[in-house]
Every structure is written in structure tokens, then in C-alpha cells.
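Residues 2 to 332 (the working numbering) are what the sequence shown spells out, left to right.
Each residue gets a CB set at the ideal place from its N, CA and C atoms; glycine is no exception.
Remember, it's a predicted structure, so these values are computed and weren't measured experimentally.
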Amino acid sequence: MLSTSWGFLAAMIIAYGVANLLQSVAATRTKLHTSCNPKLLVRLASHRIYLYGLTFQIFGFLLAFVARRDLPLFLVQAAASAGLGVTALCGVLILRWKLPKAEVGLLALLFGGLFALVISAKPAPAHSIGSGGLVALLIWLALIAVIGVFAAKMHGAPGSVALGSLAGMAFSAAAVAGRPLASSHTIGEFVSSPLLYVLIGASLLGQLLLGLAMQRGSTTAAVASMDAAGAVPAAAIGLLFLGDKIHPGREWVAALGFFITLAAVIGLTRYAEPQHHHATAEPGPRALTAGPRALKARALAARHVAADAARTVVARPMPAGPPPGTGPRGR
């Protein structure tokens with residue numbers, strides 16, 4: 002069972018990485034939303050590429066759910082952020098993204114921190130969350146939704162980071178609900194547990210906020226802020242209340258790995274550059290995801306237009322009379 006959990010964790014990283022890439026492309030092809038409106042999910046669902054991304058997202062979610070049965074939350078949540086590396090690699094190979102050196106270095110640092118967490122985590126079953134924990138999760142989600150209404154009015158990088166952070170907190174609530182839920186012994190116990198419906202609601206809220214974040218700039222910044230905001234609460238709650246464990250004598254390794262991972266994802270929110278911009282002035286969806294060749298063609302066309310305008314000005318005959326500035330008023 003232990004080896005199976007590690008396999009689920011590795012497959013989850015790949016699934017989340019591909020999902021981030023596909024959903025970010027679909028988000029930039031969708032009309033820009035300036036409010037926390039669930040209609041965005043309906044608009045996104047009209048794009049086939051988003052549905053592909055959502056399929057990978059659900060697959061990754063199921064893998065994470067099964068992995069949480071034995072593995073601690075601080076490891077699973079940090080491993081989800083490693084999907085950024087998969088997203089960046091696919092973006093470079095498929096969409097020809099240009100990643101700055103700082104971003105490449107931070108991604109390498111991210112995987113280093115994850116490795117430290119892997120060797121320090123000790124698999125163990127989860128404790129029950131209780132009715133008090135359930136109420137706390139519902140209050141947590143209500144606060145996220147209220148703050149999301151105001152954060153949706155932000156634009157550019159600040160909006161991307163703010164909405165991504167709120168998405169991470171919603172997904173963190175889903176992770177906290179899913180850790181004890183994964184230990185259900187029967188299907189009836191699983192379906193009748195209120196944690197299942199908290200998990201579903203938190204996931205939908207997180208998906209909406211992530212879609213809004215991806216419309217506002219860098220995919221890396223949106224996902225990194227989501228992972229950073231979601232890792233800390235889940236790790237703390239898991240260690241304090243859900244029975245997450247660390248191998249004896251490796252506590253410092255876990256602390257160092259978590260700190261490195263968190264620093265890397267926070268750094269990515271600062272140094273990540275937009276891979277695509279959400280253009281509102283151009284009507285066609287192709288303009289929203291123009292590649293390097295299209296951008297080069299537009300630049301050449303603009304130069305030709307400017308050159309033609311310059312020739313027209315030069316060829317235009319000068320009006321008769323004294324040159325400007327030589328009349329009485331000019332003097």
C-alpha cells in the first residue's frame with residue numbers, strides 16, 4: 002500500500018501540471034470576468050480544451066484523494082505545487098513559452114524542497130475531524146467566497162495572485178475534508194459523510210477562483226500563489242489535528258523542505274512573467290493566444306504602415322507662403 006501511495010502521488014503531479022496548462026489556455030480565450038460569477042465556469046466549459054484540462058484536474062484530484070489516505074497533507078499539498086514544473090515544461094515544448102532564468106531556478110528549488118518532504122514524511126491513517134472541524138470548514142469557505150467577490154475586481158498581476166491565493170485556500174479546505182474522508186470503510190459511510198459535500202463545494206469554489214486568476218496574467222503566478230496559500234493551512238491542520246506524522250529525527254528535514262518549497266512558490270508569484278495576456282480589445286479568440294510568429298507578423302505590418310505614412314507626409318507638397326514661425330505672430 003505504501004508503494005501504491007507514492008505512485009498515486011507521482012501521477013497526481015503530472016495530471017495537475019497538464020490540467021494547469023490546458024485550463025490557462027482556455028481561460029485566456031474566454032471573455033474577461035470582473036466579478037466572482039459562476040457563469041465563468043459555464044463559459045469555460047464551452048471550450049473543449051478546458052474540458053480536457055478539467056478531466057486532468059479531476060483525475061489529479063482523485064489521485065490526491067487516494068494518496069491522502071496514507072500520506073500527510075504537508076507532503077501531498079506540496080507535491081501538488083510540483084505540477085508547476087510539468088506545466089512550465091509543457092508550455093516551453095508545446096506553446097513555446099519563454100521562461101526567465103529566475104523562474105527556472107525557482108522551479109528547481111521547488112523540486113529540491115519536495116524531495117526533502119518526501120524523505121521525511123511518514124505514512125499514517127487520519128484522525129476524525131469532528132463536528133467542530135466541520136463547522137470551521139464551512140465558515141472558512143464562506144469567508145473565502147466573500148473576499149473573492151471583492152478580489153475579482155482586481156486586474157493584472159495583483160488580481161492573479163490574490164485570486165490564486167483564495168483558490169489555494171479553498172482547495173486547502175477540500176484537502177482537509179478529504180484526508181479523513183479517504184479513510185471511510187464503506188461506500189455508505191463515504192456518501193453519507195458531510196465532509197464529501199464540503200469537499201465538492203470547496204473544489205467548485207476553488208475552480209472558479211482559479212479560472213478568474215488565470216484570466217489576469219501569468220499562469221505560473223496564479224498557480225504558484227494558489228499552491229503557496231493552500232500548503233500552509235493544510236500542513237498545520239494535518240499535523241495538529243489529523244494525525245500527520247514525520248519520521249523521528251527528520252523533523253528538521255521536513256521543516257527545511259517545507260520552507261524551501263514555500264519560498265519557491267512565493268518567489269514564482271514575484272518573478273513569473275505572463276506567458277499570455279487576456280486581450281479585451283481584439284474580438285477574435287486567435288488574438289488572445291497569438292504565438293511568436295503572429296506577433297512578429299503584426300510588428301512587421303505596423304512598420305509597413307508607419308513607413309507608408311512617412312512617405313505620404315514627405316511626398317505631400319508644402320503650402321505656399323512663408324514657412325511656419327516666420328510671421329509676426331511666430332516672432
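With 16 as the cutoff for other CB atoms within 10 Å, does residue 98 come out buried or exposed? Within 10 angstroms of the beta-carbon of residue 98 lie 16 or more other beta-carbons, which makes it buried.
Give, in chain order, every unbroken run of the alpha helix (DSSP H) that is at least 4 residues long and sits entirely within the segment 140-228. As far as the segment 140-228 is concerned, its whole alpha helix (DSSP H) runs of at least 4 residues are 157-182, 188-193, 195-215.
Name the DSSP bridge partner or partners of residue 247? Here residue 247 is bridged, per DSSP, to 122.
Contact defined as beta carbons within less than 8 Å: I believe residue 156 pairs with residue 242. What is the distance between those atoms, to the nearest angstrom? 38 Å between Cβ atoms; not a contact.
Distance between residue 13 and residue 202 (C-alpha atoms, nearest Å): Taking the straight line joining both Cα atoms gives about 21 Å.
Considering only the beta carbon of each residue, do residue 72 and residue 126 sit closer than 7 Å? Between residue 72 and residue 126, the C-beta spacing is not below 7 Å.
Pull up the distance between the alpha-carbon of residue 139 and that of residue 206, whole angstroms please. Cα to Cα, residue 139 sits roughly 12 Å from residue 206.
Hey, quick one: how far does the alpha helix (DSSP H) through residue 49 stretch, first residue to last? Here the alpha helix (DSSP H) through residue 49 covers 49-68.
Quick one: residues in its chain with C-beta nearer than 7 Å to the C-beta of residue 257, no 5 flanking neighbours on either side, listed in chain order? Hits under 7 Å: 117.
I need the DSSP call for residue 130, collapsed to helix, strand or coil. Under the three-state reduction of DSSP output, residue 130 falls in the coil class, being neither helix nor strand.
If distances are taken between C-alpha atoms only, which option among 235, 208, 189, 180 comes closest to residue 223? Selected option, being the one with the closest Cα: 208.
I need the DSSP call for residue 101, collapsed to helix, strand or coil. DSSP places residue 101 in coil when its eight states are reduced to three.
Hey, how far is the Cα of residue 65 from the Cα of residue 154? Each residue's alpha carbon lies about 32 Å from the other.
If you draw a straight line from the alpha carbon of residue 260 to that of residue 132, how long is it in whole angstroms? Rounded to the nearest angstrom, the two C-alpha atoms are 32 Å apart.
Which residue wins for smallest C-alpha separation from residue 162, given the options 174, 136, 220, 238? Closest option to residue 162, Cα to Cα, is 220.
Here's a check: name, in chain order, each residue in its chain whose Cβ is nearer than 6 Å to the Cβ of residue 334, leaving out the five neighbours to either side. Look at the range of the chain in this structure, 2 to 332, and you will see that residue 334 is not part of it.
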